[in-house]
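Visitor:
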Amino acid sequence: MKLTGAEIFVKGLADLGVDVIFGYPGGSVINIYDELFKNTKVRHLLPRHEQGAVHMADGFARASGKVGVCLVTSGPGATNTVTGLATAYMDSIPIVVFSGQVPTPLIGNDAFQEADIVGITRPCTKHNFLVKDTADLARVMKEAFYIASTGRPGPVLVDMPKDVLMASAEYAMPKEVKLRGYNPNYEGHPKQVESAMRLLEEREKPVLYVGGGVILSNAAAELTEFARLLGIPVTTTLMGMGAFPGTDPLCMGMLGMHGTYAANMAISHSDIILAVGARFDDRVTGKIAAFAPHAKIVHIDIDPTSIQKNVRVDIPIVGDVKDVLKKMLKLAKAPKVAAACKKRVAPWRDEIARWEATHPMRYKQGKGKINPKFVVEKIYELTKGKAVIATEVGQHQMFAAQFYKYDKPRTFLSSGGLGTMGFGLPAAIGAQVALPGALVIDIAGDGSIQMNIQELATAMQYRLPVKVVILNNGALGMVRQWQELFFDAKYSQTCLPQIPDFVKLAEAYGAAGFRATKPEEVEGVLRKGFATPGPVMIDIQTDPNELVYPMVPAGAALTDMLLV
Amino acid sequence: MRHTISVLVENEFGVLSRVAGLFSGRGFNIESLSVAETADPTISRMTIVTVGNDQIIEQILKQLNKLIPVIKVVDFSGTDTVDREMIMVKVNAENETRTEVLRLVDIFRGKIVDVAPRSYTIEMTGDEAKVDAFLALLRPVGIKDIVRTGKIAIARG
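Chains as they are written, first to last, in numbering that gives the first Met the number 0: chain A, 0 to 563; chain B, 0 to 156.
(1) Can you tell me which of the three DSSP states E519/A falls into?
(2) Give the interface partners of V50/B over in chain A, defined as CB-CB distance under 9 Å, in chain order.
(3) Under 8 Å, Cβ to Cβ, is there at least one residue of chain E near Q364/A?
(4) Between the region 124 to 150 of chain A and chain B, which residues of the former have a C-beta closer than 7 Å to a C-beta of the latter?
(5) Could you confirm whether any beta carbon from chain B is found closer than 8 Å to the beta carbon of P104/A?
(6) Flag K308/A as yes if its beta-carbon sits less than 8 Å from any beta-carbon of chain B, otherwise no.
(7) Can you name, in chain order, every residue of its own chain whose Cβ lies under 6 Å from the Cβ of S414/A, other than the five neighbours on each side?
(8) Select from the region 21 to 32 of chain B all residues with a C-beta closer than 7 Å to any C-beta belonging to chain A, and list them in chain order.
(9) According to a CB-to-CB cut-off of less than 8 Å, which residues of the region 85 to 117 of chain A neighbour chain B?
(10) Contact defined as beta carbons within less than 8 Å: I believe D79/B pairs with R155/B. What is the distance between those atoms, to the nearest angstrom?
(11) Tell me the rounded alpha-carbon separation between V547/A and L484/A.
(12) Do you know offhand how far Y88/A's Cα is from K110/B's?
(13) Helix or strand or just coil, what does DSSP make of I151/B?
(14) Contact between the region 158 to 169 of chain A and the region 99 to 107 of chain B: three or more CB pairs below 8 Å?
(15) Does DSSP put N370/A in a helix, a strand or coil?
(16) Counting only C-beta atoms, is P315/A closer than 8 Å to chain B at any point?
(17) Do L21/B and L66/B count as a contact pair if the criterion is CB distance below 8 Å?
(18) With three or more beta-carbon pairs closer than 8 Å as the criterion, would you say the region 114 to 122 of chain A touches the region 175 to 194 of chain A?
(19) So who's on the other strand from N173/B, going by DSSP bridges?
(20) Can you tell me whether DSSP reads Y490/A as helix, strand or coil?
(21) Which full runs of the alpha helix (DSSP H) of 4+ residues lie inside the region 248 to 309 of chain A, going along the chain?
(22) Step through the CB atoms of chain A and report whether any lies within less than 8 Å of the CB of I4/B.
(23) Counting only beta-carbon separations shorter than 8 Å, does L495/A have a partner in chain B?
(24) Using beta-carbon positions only, say whether P154/A and I214/A come within less than 8 Å of one another.
(25) So which residues of chain B does F215/A contact, with C-beta pairs closer than 8 Å?
(26) Comparing alpha-carbon positions, which option in A62/A, P549/A, M140/A lies nearest Y362/A?
(27) Counting beta carbon pairs with one atom in the region 44 to 64 of chain B and one in the region 1 to 13 of chain B, are three or more of them shorter than 8 Å?
(28) Tell me which residues of the region 67 to 84 of chain B have at least one Cβ-Cβ distance to chain A shorter than 7 Å, keeping chain order.
(29) For a cutoff of 8 Å on Cβ pairs, would you count L178/A as touching chain B?
(30) Please return the same chain residues whose Cβ sits closer than 7 Å to the Cβ of M319/A, not counting the five positions on each side in sequence.
(31) Going along chain B in order, which residues have a C-beta closer than 7 Å to the C-beta of T304/A?
(32) Hey, is S43/B's beta-carbon within less than 8 Å of any beta-carbon in chain A?
(33) Just verifying my parser: in three-state terms, what is the DSSP assignment at A556/A?
(34) DSSP has L32/B in a bridge; who is on the other side?
(35) Does any C-beta atom of chain B lie closer than 8 Å to the C-beta of P122/A?
(36) How would you label L562/A, buried or exposed, when you count the other beta carbons within 10 angstroms and need 16 or more for buried?
Below, the structure is given as structure tokens:
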């Protein structure tokens, strides 16, 4: 039986196991919306902006490990997804965006609501498609999901012209995907793994440098076992938060620009770095020439382009980190290996403990203004570390990384690579859709939250009880911090004198709003906010002079840290 | 160092711009690029000449491999290959230079493909050195226009 393109699309989603999509209607996809109206298998959520839709799909994917799905119309609908696609691309998040397109005969004619979205998104997607024939649609959908979720995951866009959605064809969803140019290598080479273990056995100051790849490949358990078995200290990137328990004594916290003193000193003094699913981002390495000068580097990554890109690597291992860690664990479990390593590394752990003792993460909460770090610690205390935390981008994001301990993967959702303001609220909504029972909190700044604040309406419409905690310092805090430190405190355009009354704004959307202006109010307001059903916005007016420390200035060596 | 890279790709629309976009987006330079169908009509071959140090070339090769429609990437540097380029060159052909041009065309095994009262258009193929030498010898005669295909290359044996 022949189906229309729109029917194929909706049936295809169901057959691919998609039960929820985030979408925004428009002329080019109206036929699909007509189908969705009849269909009950796929749940559709309507955001208030297409950028919100993509971040929701992204948050859904980060929290659940499944592919997040979006549907938007042609032209502006499609171009509004670009930031979300770039965000997912930088952080390797599996999402598929379906965009409508003007009818094929009109493509290239500057038709109404036409944009060359395949051309526009080519550099910020893992792959993209323009479907030219209805008969290809089901196959392309299958390929899109396959590409998004395998190898190094990433976003895929599928552009669907209106006439392709209206025409009919036999429904042909292939069982398997065969792409001759795409064969991700999952199995780390056993010889390379062996060499890495042998090198490790010669060394005394190892560090595990752990990135988001460990979370993406669901390898947190293997990594944790490996680190504990051998007694190797662990530092995670922003994206790697939760890949290793933040409360474990071996955890040194984050490294890099706003990393802990201990983590950065450990990297700088180590003699072997095991980089697992991390890519040596410039926010991590600081000045490349001074990065880990004494260390041999073993780099495990599924994407060969990540290896040797920024730093020289002594032993590259291309493969899925889960597979590689399993192989390493097997070797580590041989008689005496683990015990010997633990013993050999003991003095190194003592050295790190001394760095931790002399320069811990700390802050002072006086009687006057509210310290944002105190707020994050209170959130940690009250949630007992069991919440899913999404963040926007800026100082509050770093506070959320530094003062909340993440014990489980997929509990810290943050735009790491692209640094997208406005990410947190829609991502939190997507996560709440994936985890209806979880307490999902967006730790936000007053600047970032205003970039996609309209999504509060989405949270209300679908009764998604996300809690937004705004660390409100009346400024674009991170840029203001740079201006303070490096531009003689000339605060060019970073103070926000005109800020909405967030409590009233929440109420205008039908949500609950609370406010704290004094330190002694913080705990009570957070408690009340978290206990209130439905979406809640909590405005906490914090001290604008509290900066993110430690800090490695851009381009400086990790050892040149500005401490508190 | 200069590298000649051969890339087998799916013969579908948009692949060329994916490859070219990869180079421009990452700040790599393309010296020449030629592309056409292979014996298998579903596959095209691109020959790309580019310049870079070892690290840049390693990135280029890996990034090319990462593109979904790219089937195979081979760096021909240091391997035994045959390469050719084709040019068409329009030169002045006044009375006093006509014989000289004909003689050069003969020596270089070129072919005159168009004759006009004041010009010849010559077709010639060869490796880069031969093409450059030919052009150098023609220059005093007066070159009006040149079109080059860029290099194509294939492994020996």
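Backbone N, C-alpha and C fix where the C-beta goes; we use that ideal spot for every residue, glycine too.
Guide: According to the data block:
(1) Looking up residue 519/A in the first sequence gives position 520. In this structure, E519/A counts as helix in the three-state DSSP scheme.
(2) Position 51 of the second sequence, counted from the start, is the residue given in the question as residue 50/B. Those do not exist, as V50/B stays about 19 Å from chain A at its closest Cβ, beyond 9 Å.
(3) Included in the structure are the protein chains A and B, with no chain E among them.
(4) H126, I146
(5) Here residue 104/A corresponds to residue number 105 of the first sequence, with the count starting at 1. No, P104/A lies away from the interface with chain B (no Cβ there is under 8 Å from its Cβ).
(6) On the first sequence, residue 308/A is found 309 positions in, with the first residue counted as 1. So, interface residue.
(7) The residue labelled residue 414/A in the question sits at position 415 within the first sequence. Result list for S414/A: T86, V392, F422, in chain order.
(8) Shown in chain order are the members of the region 21 to 32 of chain B whose Cβ falls below 7 Å from a Cβ of chain A: G24.
(9) V117
(10) Locating residue 79/B in the second sequence gives position 80, where the first residue counts as 1. Locating residue 155/B in the second sequence gives position 156, where the first residue counts as 1. Taking C-beta atoms under 8 Å as the contact rule, D79/B and R155/B qualify, at a distance of about 4 Å.
(11) On the first sequence, position 548 is the one that residue 547/A refers to. On the first sequence, position 485 is the one that residue 484/A refers to. Rounded to the nearest angstrom, the two C-alpha atoms are 11 Å apart.
(12) Residue 88/A sits at position 89 when you count from the first residue of the first sequence. Residue 110/B sits at position 111 when you count from the first residue of the second sequence. Answer to the nearest angstrom: the Cα atoms are 52 Å apart.
(13) Indexing the second sequence from 1 puts residue 151/B at position 152. In the structure shown, I151/B sits in a strand (DSSP, three-state: E or B).
(14) no
(15) Residue 370/A sits at position 371 when you count from the first residue of the first sequence. In this structure, N370/A counts as coil in the three-state DSSP scheme.
(16) Here residue 315/A is taken as the residue at index 316 of the first sequence, counted from 1. Closer than 8 Å: no.
(17) Taking the second sequence and counting its residues from 1, the one referred to as residue 66/B is at position 67. Taking the second sequence and counting its residues from 1, the one referred to as residue 21/B is at position 22. Contact: yes.
(18) Verdict: no, contact absent.
(19) With chain B covering only 0 through 156, there is no way to say anything about residue 173/B.
(20) Indexing the first sequence from 1 puts residue 490/A at position 491. Here Y490/A sits in coil by DSSP.
(21) 260 to 268, 281 to 284
(22) The residue you call residue 4/B lines up with position 5 of the second sequence. Among the residues facing chain A, I4/B is not included, as its CB has no counterpart in that chain under 8 Å away.
(23) Residue numbering aside, residue 495/A sits at position 496 when the first sequence is read from its first letter. Not one chain B Cβ lies under 8 Å of L495/A.
(24) Translated into the one-based positions of the first sequence, residue 154/A becomes position 155. Translated into the one-based positions of the first sequence, residue 214/A becomes position 215. Not a contact, by the Cβ cut-off of 8 Å.
(25) Taking the first sequence and counting its residues from 1, one reaches residue 215/A at position 216. The residue asked about is misnamed: residue 215/A is Leu in this sequence, not Phe. Residues of chain B passing the Cβ test: none, with the nearest at roughly 16 Å.
(26) Within the first sequence, residue 362/A is the residue found at index 363, counting from 1. For Y362/A, the nearest C-alpha among the options comes from P549/A.
(27) yes
(28) I67, P68, V69, I70
(29) Walking along the first sequence from the start, residue 178/A turns up at place 179. Chain B contact via Cβ: present.
(30) By 1-based counting over the first sequence, the position of residue 319/A is 320. First, the residue type needs correcting, since residue 319/A is Asp and not Met in the sequence shown. In chain order, Y185, S216, I301 place their CB closer than 7 Å to the CB of D319/A, counting only its own chain and leaving out the 5 sequence neighbours on each side.
(31) By one-based count along the first sequence, residue 304/A stands at place 305. In chain order: Q58, K61, Q62, K65.
(32) What you label residue 43/B is simply residue 44 of the second sequence in a count that begins at 1. No, S43/B lies away from the interface with chain A (no Cβ there is under 8 Å from its Cβ).
(33) Start at 1 with the first residue of the first sequence, and residue 556/A comes out as number 557. Three-state DSSP puts A556/A in coil, outside helix and strand.
(34) Along the second sequence, one-based indexing puts residue 32/B at 33. I47/B.
(35) Taking the first sequence and counting its residues from 1, the one referred to as residue 122/A is at position 123. Closer than 8 Å to some Cβ of chain B, the Cβ of P122/A qualifies, so yes.
(36) Counted from its first residue, the first sequence places residue 562/A at position 563. Exposed is the call here.
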